[in-house]
Structures are given as structure tokens and as C-alpha cells.
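Participant: I'd like to ask you about the structure that follows.
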Amino acid sequence: MFSEEVLDALSRTPALYGAALVLGALLGSFASVCVYRIPKGKSIVSPPSHCYGCNRPIRWFDNVPILSYLLLGGKCRSCGARYSPRYLLVEVGLALLSLATYHFCVELLHPFDPTPLKLARFAVYLLFELCLVVIALIDLDHMRIPDRITYPAIPFFFGVGLLLRDRPWTDGLIGIAVGYGVVRLISDGYYFLTRREGLGYGDGKLLAIVGGLLGWRAVVMSLFGGSLFGSVIGIAVVAWRRRKRTGDDAEQPSLRHVELPFGPFLVLAALMYLFLQDTLSVALRAFIPVI
Ligand SMILES: [Zn+2]
């Protein structure tokens, strides 16, 4: 039997940090499958991965995250079709995110919690990150956030959040209501005033996932941070497009004409909140004591 001390010592070994890294890379590979298949309404488990060029199944030794991409130079072994470097980026990104999350859960956040609870929190956070990364990439590709992910994810992450007991259950419930409600209010208000679609309901469902797990403060901070990141990147995109079109008589692009998905910015802000939750709630309380 594992005693508490053994498990605690084991959780700090390089072997388990390595396992977190490998697990993240595997989830990164799975994330790309989800991003490709979910918008098409296809199953995410079958058939096994196959090359989009020659349709041949990708053998297990050519399907090792990160390593296979590097060894084969991002090409299919059979037909030489090129795979987007985004596959590699997502695998490396989730591997590093998983490693950071593991260290955060085991050493930094609530250091006096029992080890099994810390490991459970890591598992929940990692699944949450996988879900958010998939949503961000689908929104980037298709400018929409599929209900097929958000509808099951909202109750799932609210439920596992209850098991972690990190915050009162009302906090998550208010988080869901605020996340969906505020976006719906802004979205309907904007449409009423301008007859143009601004914020989508999908963004509200995404914020409901965030609020259900991390509470309503996470929703407020994600909306705030997401708007900030979105504005900065939006202005940069407009400036870049203007520069490309100098000397052209065509209408200059302005911020109103650039359509950027909001989801990736919300996800970026929500992930930052996850790591800064303690620091940010202390800072928030210093400014607004009732929060
Ligand atoms: Zn091929």
C-alpha cells in the first residue's frame, strides 16, 4: 500500500514530471484530431488517424507525438504529403502546459492539501486546458464554437469542480450564469443597436465552462483580459494589413472590418487566470473589498 508520505515523495520525482510532459504531448496529438474532426461531425475515436494525402493509416511508430513529426520532417512516410507545423506546435504547447500545470498543482497551489487531491486537481485542470485549447483552435479555423463540446463540458467541469471543493458550489453556479448571461446580454444588445452580429453565444458557453470550474471571478477576469488581448492583437492585424495595402486605392481596412474570433483571447485570459487565481483574487479584494 502507498502511504501518504510515499505518494507525496513520488509525486515530486522527475519520473512523474516526465510522465506529465508525455501525457501533455499525447493530449496535444489528440487535440489536433478533435480540432479536425469535431467541426465535420465525425467521431473522434474511430477510424484511427490516416494520412489526408494517401488515406493510408498512420502506423503507431509514425504517430508518436513530437518525435515522429521531427523524424519525418512533418511529412507522410508513404506519400510525402506535408503536415502543418501546427500539429507540432500544439503537441509541444500542451506538453509544456501540462508540465507547468503539474508543478503548479503539486508544489504551488494549496501546498498543504493531501497529495491525492493535488493529483486529482492536476487531472481536472489538464482536461480543462485540453478542452479550452480545442475550442480556441476550432474558433480560429471556423469562427464558431461547437455546442458538441460546450454542452457536455459545462456540467462536466462544474461537477468535477464540486469534487475538488476549492470554492463554494454557488460560486460555480453563479459563474455559469454570469458567463452565459453577460455575453448574451452584450450580444443581444449589440445586435439590437447595430443589427450586426458581434459577440457569439458560443463565447458565452465557453465562459460558462470557465465559470463552472473556476467561479465567477474567472469569468470577469477572462472577459476583461480577453477584450484587452483582442484589442491589442486586432489593432496589430489592422496595422499589418494597412501596411500591405499601401498605394492601393481600395478601402483601407479598419478595426470595424476585421473579423477576429474572440474565443482564443478568452481562452488565453482564462488559462492565465487559472495559474494566477490566488494572486488575482487577493489583488481584486484589495481594490473592491466585496469581491
Ligand atoms: Zn500519405
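97 is the number of the first residue of the sequence shown in the numbering used here; add one for each residue after it.
We treat Cβ as the ideally placed atom computed from N, Cα and C, and that holds for glycine.
Since the model is a prediction, treat every value here as computed from it, not as a measurement.
Return helix, strand or coil for His146, following the three-state DSSP convention.
Facilitator: His146 falls in the strand class under three-state DSSP.
Participant: Taking only three categories from DSSP, how would you classify Pro153?
Facilitator: Three-state DSSP puts Pro153 in a strand.
Participant: For Lys214, count neighbouring Cβ atoms within 10 angstroms of its own Cβ and tell me buried if that reaches 16, exposed if not.
Facilitator: The residue is buried, with at least 16 neighbouring Cβ atoms inside 10 Å.
Participant: Could you tell me whether any non-hydrogen atom of ligand 1 is closer than 7 Å to the CB of Ala177?
Facilitator: Ala177: yes, Cβ under 7 Å from ligand 1.
Participant: With a threshold of 8 Å on Cβ separation, who are the neighbours of Ala191 within its own chain once the five nearest residues in sequence on each side are excluded?
Facilitator: If we look at Ala191 and ignore the five residues flanking it on each side, its Cβ neighbours are Leu117, Val118, Gly120, Ala121, Gly124, Pro161, Ile162.
Participant: Is Leu295 near Phe358, with beta carbons less than 8 Å apart?
Facilitator: In this structure, Phe358 lies closer than 8 Å to Leu295 by Cβ.
Participant: Should Leu372 be labelled buried (16 or more other beta-carbon atoms within 10 Å of its own) or exposed?
Facilitator: Under this definition Leu372 is an exposed residue.
Participant: Let's test the definition: count the other Cβ atoms within 10 Å of the Cβ of Phe208 and tell me whether it reaches 16, buried, or not, exposed.
Facilitator: Exposed: under 16 other Cβ atoms inside 10 Å.
Participant: Pick from His238, Ile241, Leu167, Ile305: whose alpha carbon is nearest that of Gly271?
Facilitator: Measuring from the Cα of Gly271, the nearest candidate turns out to be Ile305.
Participant: So which of Phe254, Gly176, Arg291 has the shortest CA-CA distance to Gly275?
Facilitator: Taking only the C-alpha atoms, the option nearest Gly275 is Phe254.
Participant: Give me whichever residues DSSP pairs with Arg178 in a beta bridge.
Facilitator: BP columns for Arg178 point to Lys171.
Participant: Which whole-angstrom value describes the C-beta separation of Ser145 and Ile154, a residue pair presumed to lie in contact below a C-beta threshold of 8 Å?
Facilitator: The Cβ separation is near 5 Å, so the contact holds.
Participant: Measure the Cβ-Cβ separation of Gly300 and Gly268 and say whether it is below 8 Å.
Facilitator: Against a cut-off of 8 Å, the Cβ pair of Gly268 and Gly300 comes out as no contact.
Participant: Should Ala382 and Ser318 be called a contact, given that it needs their Cβ atoms to be closer than 8 Å?
Facilitator: Cβ atoms of Ala382 and Ser318: not closer than 8 Å.
Participant: Is the distance from the Cβ of Ala177 to the Cβ of Tyr132 below 8 Å?
Facilitator: Cβ distance not < 8 Å, so Ala177 and Tyr132 don't count as in contact.
Participant: Quick test of the definition: if touching needs 3 or more C-beta pairs under 8 Å, does the stretch 169-184 touch the stretch 103-111?
Facilitator: Cβ pair count under 8 Å is below three, so no.
Participant: Could you tell me which uninterrupted beta strand (DSSP E) segments, each at least 3 residues in length, are contained entirely in the stretch 101-149, listed from first to last along the chain?
Facilitator: Those beta strand (DSSP E) runs which fall completely within the stretch 101-149 and span 3+ residues do not exist here.
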